[in-house]
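The structure appears below as structure tokens.
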Amino acid sequence: MRTLVCCLTIAVFAPVLSAQAPLPEAQQIVAAVLPLPAAMRDGAGVMGYRASGRLEVLRPARNGMQCLADDPKDDNFHVACYATSMEPFMARGRELRASGTSGTQVDTVRFAEVRSGRLKMPTAPASLYSMSGPKGDFDPATGTAPKSRALYVLYMPGATTATTGMSSVPGKGPWIMYPGTPKAHMMLSPDM
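Heads up, the working numbering is the position in the sequence shown plus 177, with the first residue counted as 1.
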């Protein structure tokens, strides 16, 4: 009976435990840089996950781009690369979420900190490249994520529809999201 209970426990929880284990470092790096143009991948920094679940630098940035590996705890595949000038803003968001701040409160805190001068934002436009798809979409054998969708963003803190000439309504062309805020950015989606 004990053997049966032990086997059933392993059968039920093994997929959950293995789903949360991070990929080997080299595979995390290959997956993390996928959203970038090929010419930018080798110089991009990568933050990924250790067995402890902690996010750490796997490779330092040499070209002004920082990438985040897929979080093994998430229910989907998501990797993103952004200009290193955005790191203070991005790091603060991760810090707030880790401390239990959630949803729109993360941006409420960050916006207040930007306005007070505590949190620095880039003074020039800053790019973000990302890919999202179903859990397990990254194929280490081919180095691809065939079912994932790309999204490109150009952060322009404080930009508005008036200063950019862009709509704030999502559509087939570029549009501005969060206009007038520190998080204002142009959305560019190839599949929108």
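For each residue, glycine too, the CB sits at the ideal point set by N, CA and C.
DSSP bridge partner residues for residue i (one or two, in chain order)
i    : result
S304 : L331
Q243 : G222, Y259
P311 : N253
R326 : S309
Any C-beta of chain D under 7 Å from that of residue i
i    : result
L331 : Absent from the structure is chain D; it holds one protein chain and no more.
Helix, strand or coil at residue i according to DSSP, with G and I counted as helix
i    : result
P319 : Going by the sequence as given, residue 319 is Thr instead of Pro. In this structure, T319 counts as coil in the three-state DSSP scheme.
G230 : coil
M354 : strand
L235 : strand
Q197 : coil
Cut-off 7 Å between Cβ atoms - residues of its own chain near residue i, not counting five sequence neighbours on either side
i    : result
L211 : V256, M308, A322
Buried or exposed by the 16-neighbour rule on C-beta atoms within 10 Å, applied to residue i
i    : result
D316 : exposed
S304 : buried
A361 : buried
Where the beta strand (DSSP E) containing residue i begins and where it ends
i    : result
L364 : Inspection of the sequence shows that residue 364 is occupied by Met rather than by Leu. M364 -> beta strand (DSSP E) spans 362-365.
Contacting residues, own chain, Cβ-Cβ under 8 Å from residue i (five flanking each side not counted)
i    : result
R162 : This structure cannot speak to residue 162, because the chain is shown only from 178 to 369.
A122 : Since the first residue shown for the chain is 178 and the last is 369, residue 122 is missing from the structure and cannot be characterised.
R292 : P359
Enclosing alpha helix (DSSP H) for residue i [first to last residue]
i    : result
S344 : Per DSSP, S344 belongs to no alpha helix (DSSP H) and is neither H nor E.
Beta-carbon proximity list for residue i, same chain, < 6 Å, skipping 5 on both sides
i    : result
Q205 : G225, A246
A209 : V223, C244, A246, V256
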